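Put into structure tokens, the structure is as follows:
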């Protein structure tokens, strides 16, 4: 008499591993265990980032100090680099191409544009390499990765503040008197920092997946600079006598780099009046800061668990 053994049904076979998996998940949750490297919720991520604010400040200061540690002039280069850039641009654009025509206080106008643009350019370049250039730190320690692009932007802000001291001397040397409007530089810099940090976080995520982006960015940023009125007045170049369609000037004035540069010029230079600013300039500056800052932060956070892997 033969005995036939019925094989277990597929449903019963699959139920056992599922039940075991649920039991393990419940056990892990009971003891406070979580998936290694899992992305936290957005509010939790913000709290983690805020808890590391002292690290962010110390890291940015250390990077700034080490940047010129091998140079004999040391930290003097923090001021000399943007000044030399401004001198080159003055020779090429102000003298050879005569873009200073129709621009009062051209040297303060140019130096202000160069300093403010350098802040944005350096922040985005540093952000592009924030993850790919610090893989050892990312893989060795657990911390919110947004701390890296934010700290690099803070480093560039500190460098800009050093440059602002030289800018004040230049303003006074060219007859621009101190004014209460200089205080407007503070909110303008805050908004620009938020914008820079947001774009830096976007580029940090892109750069972590596409390392070649760091090689491409200088060309993209140089093109952006030439469209941002750093070395010339957009009003003069796109006016009725320029032969350009009127919409070109409008589009250029909406450029976020132009908005922040013009805000700083308006704050610091008496001859740069409100008529040279795009309409609703503060609303534009706030809008760009919120769109880039919040959007860039969320975009970066969504890939938090992938940084340093692969």
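Residue numbers (full-length UniProt numbering): 1 to 310. Positions of the beta carbon are idealized from the N, C-alpha and C atoms, including for glycine. These numbers come from a predicted model, not from an experiment.
Burial state of residue i (16 or more Cβ within 10 Å)
{"i": "residue 50", "result": "exposed"}
{"i": "residue 333", "result": "With the chain covering 1 to 310 only, the question about residue 333 has no answer from this structure."}
{"i": "residue 117", "result": "buried"}
{"i": "residue 268", "result": "buried"}
{"i": "residue 164", "result": "buried"}
{"i": "residue 1", "result": "Residue placement at residue 1 cannot be trusted, given a pLDDT of 47 that sits under 50; what the coordinates show is reported in the next sentence. It is exposed - the Cβ of residue 1 has fewer than 16 other Cβ atoms within 10 Å."}
{"i": "residue 307", "result": "buried"}
{"i": "residue 293", "result": "buried"}
{"i": "residue 189", "result": "buried"}
{"i": "residue 105", "result": "buried"}
{"i": "residue 230", "result": "buried"}
{"i": "residue 233", "result": "buried"}
{"i": "residue 172", "result": "exposed"}
{"i": "residue 218", "result": "exposed"}
{"i": "residue 108", "result": "buried"}
{"i": "residue 62", "result": "exposed"}
{"i": "residue 45", "result": "buried"}
{"i": "residue 227", "result": "exposed"}
{"i": "residue 296", "result": "buried"}
Boundaries of the alpha helix (DSSP H) in which residue i is found, first to last residue
{"i": "residue 45", "result": "42 to 51"}
{"i": "residue 218", "result": "213 to 226"}
{"i": "residue 129", "result": "Premise fails: residue 129 is in no alpha helix (DSSP H) and is neither H nor E."}
{"i": "residue 38", "result": "Looking at the DSSP string, residue 38 is not in any alpha helix (DSSP H), and its letter there is neither H nor E."}
{"i": "residue 136", "result": "135 to 140"}
Any non-hydrogen atom of the ligand SAH closer than 7 angstroms to residue i Cβ
{"i": "residue 211", "result": "Of the ligands one can find in the structure shown there are none, so the ligand SAH has no counterpart to examine."}
Any chain C beta carbon closer than 8 angstroms to residue i
{"i": "residue 251", "result": "Of the protein chains in this structure there is only one, and it is not chain C."}
Quick one: complete alpha helix (DSSP H) runs, 4+ long, within the region 236 to 306? 246 to 254, 256 to 268 and 281 to 301
Inter-stretch contact (C-beta, 8 angstroms, three-pair minimum) for the region 246 to 258 and the region 127 to 147: no
Per the contact definition of three or more C-beta pairs closer than 8 angstroms, is the region 95 to 110 in contact with the region 205 to 217? no
Mind pulling the alpha helix (DSSP H) runs of 4 or more residues that sit fully within the region 169 to 211? 185 to 209
Inspect the CB distances between the region 112 to 129 and the region 216 to 226 and report whether three or more fall short of 8 angstroms. yes
Sequence ranges, beta strand (DSSP E) only - wholly within the region 78 to 125, length at least 3: none
Is the region 241 to 252 close to the region 75 to 93, with three or more CB pairs under 8 angstroms? no
For the 8 angstroms Cβ check, are there 3 or more pairs between the region 128 to 138 and the region 169 to 182? no
Can you find at least 3 beta carbon pairs, one from the region 274 to 282 and one from the region 108 to 116, that sit closer than 8 angstroms? The region 274 to 282 is not in contact with the region 108 to 116.
Can we say the region 144 to 157 touches the region 200 to 208, given the rule of at least three CB pairs closer than 8 angstroms? yes
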